[in-house]
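**Q** Please see the structure below; I have some questions.
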Amino acid sequence: MTTTSLSLTELLTALGSPERLTALKGIRRGIERECLRITPEGTLAQTDHPRSLGSALTHANITTDYSESLLEFITPATDSIDSLMEQLGDIHRHTIHHLGDERIWPLSMPCFVGDEENIRLAQYGSSNIGRMKTLYRQGLKNRYGSLMQVIAGVHFNFSMPDSFWCEWQELVCEGCCSQRFISDKYMGLIRNVYRFGWLVPYLFGASPAICDSFLKGRKSNLPFQKTGKGTLYLPYATALRLSDLGYTNSAQAGLKISHDSLPAYVSSLRRAINTHDPDFAKIGVKVNGEYRQLNDNVLQLENELYAPIRPKRTPRSGEKPSDALEQRGIEYIELRTVDVNPFTPYGIEVDQIRFFDLFLVWCLLRPSPVLGDEEIARNRRNQTKVVLEGRRPGLELEDEQGHAIGLKEYGLKLFDELAALLDRCCGRNRYRETLAMHREKLLNPELTYSARLLKQLLESGQDNGCFGDELANRYREEMLAGELQYWDDAYFAGEARDSLAKQRERERSDSLSFDDFLADYFGTSKTPA
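Shown next, in the form of structure tokens:
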């Protein structure tokens, strides 16, 4: 096997040649958007997931996450941004027609939560796999509490087309194993997102404020200020969702998940899944005949890892995610640091998607050495600074050499590299406009989502809850008045009917007791899907 080393400039030049330029087309994207169902009064809905939407266990596009009221909308992967947005819009429009007078909460941080016990665990029916999904959430509740589990985000799924990988391998790696090459390069992308991913909360963070009910009287070391009747905020924060208050829970800070290679990642993830945790053991697993969690290991399941980005491979029936990755390599990556965008009904807009295209392709092509402990700590410090005070004038981060550098200066330097990517291999006017638009946010932080949201709250003296309610009502009316664009009513009716039938079939076909099902699940590498 012969490997050729190319600099970023050389690689971009080669890929930008006329005969190879088409290889960069065909990027595939998918979106998973989370959102709470709320009452007309702006509180957490206590109703069941609407049966008319189908089964949350088996529906292809509409499910639930942690809470029964936390909807999750899933688009299939597509290489068309227009189709992607039409699909996402259709899922929203169809859902709102089946919510009665309920609304969709348009912010990442939750609405008013009067009592943590009001956060109902998601229910998936009586099948073993359905009961296991609910028990997993019971474990999360007992480990971390329920409040952090009703925070919503947008997950952006991204993959490059086969033609791209063929062209790149031909340039640099004659005779190398195709899937191994792809997985290695995707792991490099992930490492670079850890290095430079602070750009995402800076540009698109939209959670600088929270309802004080979220703290539930808990003390916080953060220097919150108050506006309205009960809204807490940090004046320069971008994404409190990504702070220790949110889904990057401090309980997992000690996990050492390796991103050196795919085998190292899978091995370290499995170690966490199979390592006993004395604190979680105090909760108990099955006490007086009732389960409290799936197990007392560091992670109950792979999904409990609250990572900002994950390597993914679609599992086959009866296959765990880590087994799928180990057996067939990385299929796509999932970027998880995107706040719900409150300035659009669907939580994300086209210019964000175009930026993610550019950013992730750049992270993929840029050299990406393995991350040492010192660099991992530095990346965490940068992320924390941006999340809590990213718009502070004169804020300094640490560059790749550990030197202090102004956030604006550092960001502009990275944007220059993104512009070079455009110029050399995938320049199109819309991408150029997107890059120019987001570059302005480095020059003027008041253009960021977090600044726009906070400005509206402070100038109006409005609470976060009132702001969210107004948007929820407006978006509900817009969606009720809109028409389906990609699918039709028959598609959703069929998916609802078929998903309910699939759930019933799973419930009928179970042959093991729940105890034996769990024992089999954790005793072997193969499990029911």
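Under UniProt numbering, the first residue of the sequence shown carries the number 1, and numbering increases by one thereafter.
No residue lacks a Cβ here, since even glycine has one placed at the ideal position from N, Cα and C.
Since this is a predicted model, take the numbers as computed values, not measurements.
In or out: Arg-33 buried (at least 16 other Cβ within 10 Å) or exposed?
**A** As a position in the sequence shown, residue 33 is number 33, starting the count at 1. The residue is buried, with at least 16 neighbouring Cβ atoms inside 10 Å.
**Q** Span of the beta strand (DSSP E) holding Glu-398?
**A** The sequence position of residue 398 within the sequence shown is 398, counting from 1. Residues 396 to 398.
**Q** Closer than 7 Å by C-beta to Leu-325: which residues in its own chain qualify, once you throw out the five before and the five after it? Chain order, please.
**A** Within the sequence shown, numbered from 1, the residue matching residue 325 stands at position 325. The answer, listed in chain order, is Leu-262, Val-266, Pro-311, Arg-313.
**Q** Between which two residues does the beta strand (DSSP E) carrying Asn-379 extend?
**A** Taking the first residue of the sequence shown as 1, we reach residue 379 at position 379. Asn-379 -> not in any beta strand (DSSP E); alpha helix (DSSP H) instead, spanning 373 to 389.
**Q** Please classify Thr-524: is it buried, with 16 or more other beta-carbons within 10 angstroms of its beta-carbon, or exposed?
**A** As a first step, residue 524 is located in the sequence shown; it is residue number 524 there, counting from the start. Below a pLDDT of 50, predicted positions are generally treated as unreliable, and Thr-524, at 49, falls in that range; the measurement from the model is reported next regardless. Thr-524 should be labelled exposed.
**Q** According to the neighbour-count rule (16 or more other Cβ atoms, all chains shown, within 10 Å of its Cβ), is Gln-503 buried or exposed?
**A** If you number the sequence shown from 1, residue 503 lands on position 503. Result: buried.
**Q** Compare the Cα-Cα distances from Tyr-410 to each of Phe-467, Trp-198, Arg-380, Ser-69 and report the closest residue.
**A** Locating residue 410 in the sequence shown gives position 410, where the first residue counts as 1. With distances taken between Cα atoms, Tyr-410 lies closest to Trp-198.
**Q** To the nearest angstrom, how far is the alpha carbon of Glu-446 from that of Leu-458?
**A** Here the question's residue 446 lines up with position 446 in the sequence shown. Here the question's residue 458 lines up with position 458 in the sequence shown. Between Glu-446 and Leu-458, the C-alpha separation is close to 13 Å.
**Q** Quick check: what's the CA-CA separation for Asn-341 versus Leu-484?
**A** Taking the sequence shown and counting its residues from 1, the one referred to as residue 341 is at position 341. Taking the sequence shown and counting its residues from 1, the one referred to as residue 484 is at position 484. Straight-line Cα distance between these residues: approximately 22 Å.
**Q** Taking all protein chains shown into account, do 16 or more other C-beta atoms lie within 10 angstroms of the C-beta of Phe-467, making it buried, or fewer, making it exposed?
**A** The sequence position of residue 467 within the sequence shown is 467, counting from 1. It counts as buried.
**Q** Which residue marks the beginning of the alpha helix (DSSP H) containing Arg-20, and which one marks its end?
**A** Translated into positions along the sequence shown, residue 20 becomes position 20. No alpha helix (DSSP H) holds Arg-20; DSSP gives it neither H nor E.
**Q** Distance, Cα to Cα, Met-132 vs Val-172?
**A** Counting from one through the sequence shown, the residue named residue 132 turns up at place 132. Counting from one through the sequence shown, the residue named residue 172 turns up at place 172. One C-alpha to the other measures close to 45 Å.
**Q** Drop a sphere of 10 angstroms on the beta-carbon of residue 530, count the other beta-carbons inside from all chains shown, and report buried for 16 or more, exposed for fewer.
**A** Nothing in the structure corresponds to residue 530, since the chain is present only between 1 and 529.
**Q** On the criterion of 16 or more Cβ atoms from any shown chain inside 10 Å, does Ala-206 qualify as buried, or is it exposed?
**A** For the purposes of this step, residue 206 is taken as the residue at position 206 of the sequence shown. So Ala-206 ends up on the buried side.
**Q** Closest to Phe-181 by C-alpha separation, out of Phe-492, Glu-331, Glu-433, Phe-156, would be which residue?
**A** By one-based count along the sequence shown, residue 181 stands at place 181. Looking at the Cα atoms, Glu-331 is the closest of the given residues.
**Q** Three-state secondary structure (DSSP) at Glu-507?
**A** As a working note, residue 507 is residue 507 in the sequence shown. Residue state, collapsed to three classes: helix.
**Q** Is the region 379 to 391 touching the region 226 to 239, taking contact as three or more C-beta pairs under 8 Å?
**A** yes
**Q** Does the beta-carbon of Thr-448 have 16 or more other beta-carbons within 10 angstroms, so that it is buried, or is it exposed?
**A** Against the sequence shown, residue 448 aligns to sequence position 448. Classification for Thr-448: buried.
**Q** So Leu-454 and Ala-152 are in contact, right, with Cβ under 8 Å, and what is the actual spacing, rounded?
**A** Taking the sequence shown and counting its residues from 1, one reaches residue 454 at position 454. Taking the sequence shown and counting its residues from 1, one reaches residue 152 at position 152. Contact doesn't hold; Cβ gap of about 19 Å is too wide.
**Q** Nearest to His-155 by CA position, among Ile-91, Ile-353, Arg-380, is which residue?
**A** Position 155 of the sequence shown holds residue 155. Residue Ile-353 is the option with its Cα nearest to His-155.
**Q** Taking Cβ positions, are Thr-337 and Pro-315 nearer each other than 8 Å?
**A** On the sequence shown, position 337 is the one that residue 337 refers to. On the sequence shown, position 315 is the one that residue 315 refers to. Their beta carbons are not under 8 Å apart, which means Thr-337 does not touch Pro-315 by this criterion.
**Q** Looking at the structure shown, is His-259 part of a helix, part of a strand, or coil, going by DSSP?
**A** Counted from its first residue, the sequence shown places residue 259 at position 259. Reduced to three states, the DSSP call for His-259 is coil.
**Q** Tell me which residue opens and which closes the beta strand (DSSP E) that Cys-466 is part of.
**A** Position 466 of the sequence shown, counting from 1, holds the residue named residue 466. Cys-466 -> not in any beta strand (DSSP E); alpha helix (DSSP H) instead, spanning 464 to 481.
**Q** Just to confirm my understanding: we take Asn-157, look at its own chain, exclude 5 residues before and 5 after, and list those with CB closer than 6 Å. What are they?
**A** By one-based count along the sequence shown, residue 157 stands at place 157. Gly-30, Tyr-332, Glu-334.
**Q** Determine the burial state of Glu-304: buried for a count of at least 16 other Cβ atoms within 10 Å of its Cβ, exposed for fewer.
**A** To locate residue 304, count along the sequence shown from 1; it is residue 304. Buried: at least 16 other Cβ atoms inside 10 Å.
**Q** Take Asp-399 as the anchor and find which of Arg-392, Leu-418, Ala-377 has the nearest alpha-carbon.
**A** Working through the sequence shown from its first residue, we reach residue 399 at position 399. It is Ala-377 whose Cα lies nearest to the Cα of Asp-399.
**Q** Which same chain residues, not among the five before or five after Leu-435, have their C-beta less than 8 Å away from its C-beta?
**A** As a position in the sequence shown, residue 435 is number 435, starting the count at 1. Here the set comprises Phe-355, Leu-358, Phe-415, Leu-418, Ala-419, Leu-422.
**Q** Quick check: is the beta carbon of Gly-284 nearer than 8 Å to any beta carbon in chain B?
**A** This model lacks chain B altogether; it includes just one protein chain.
**Q** Which same chain residues end up closer than 6 Å to Gly-347 when comparing Cβ atoms and leaving out the 5 residues on each side of it in sequence?
**A** Reading the sequence shown from its first residue, position 347 is the one you call residue 347. Take Gly-347, set aside five residues on each side of it, and the residues of its chain with a beta-carbon closer than 6 Å to its own are Arg-33, Val-154, Val-340, Asn-341, in chain order.
**Q** With DSSP run on the structure shown, which of helix, strand or coil describes Gly-347?
**A** As a position in the sequence shown, residue 347 is number 347, starting the count at 1. Residue state, collapsed to three classes: strand.
**Q** Which one of Leu-57, Thr-275, Asn-379, Pro-393 has the shortest CA to CA distance from His-403?
**A** Translated into positions along the sequence shown, residue 403 becomes position 403. His-403 has its Cα closest to that of Asn-379, out of Leu-57, Thr-275, Asn-379, Pro-393.
**Q** Apart from the five residues on each side of it in sequence, which residues of its chain come closer than 7 Å, Cβ to Cβ, to Asp-190?
**A** As a first step, residue 190 must be located in the sequence shown, where it is residue number 190. The question names Asp, but residue 190 is Ile in the sequence shown. Closer than 7 Å at Cβ, skipping near neighbours: His-259, Ile-309, Pro-311, Ile-333.
**Q** When DSSP builds the beta bridges, which residues end up paired with Thr-78?
**A** The sequence position of residue 78 within the sequence shown is 78, counting from 1. Its beta-bridge partners are Arg-29.
**Q** Alpha carbons only, please: which of Pro-201, Lys-141, Tyr-186, Tyr-124 is nearest the one belonging to Ser-450?
**A** Residue 450 sits at position 450 when you count from the first residue of the sequence shown. Closest by alpha carbon: Pro-201.
**Q** Starting from the Cα of Gly-372, find the closest Cα among Asn-221, Ile-257, Ala-77, Ala-490 and give me that residue.
**A** Taking the sequence shown and counting its residues from 1, the one referred to as residue 372 is at position 372. Of Asn-221, Ile-257, Ala-77, Ala-490, the smallest CA-CA separation from Gly-372 is found for Ile-257.
**Q** At what residue ranges does the region 87 to 155 contain a whole run of the alpha helix (DSSP H), taking only runs of 4 or more?
**A** 128 to 144
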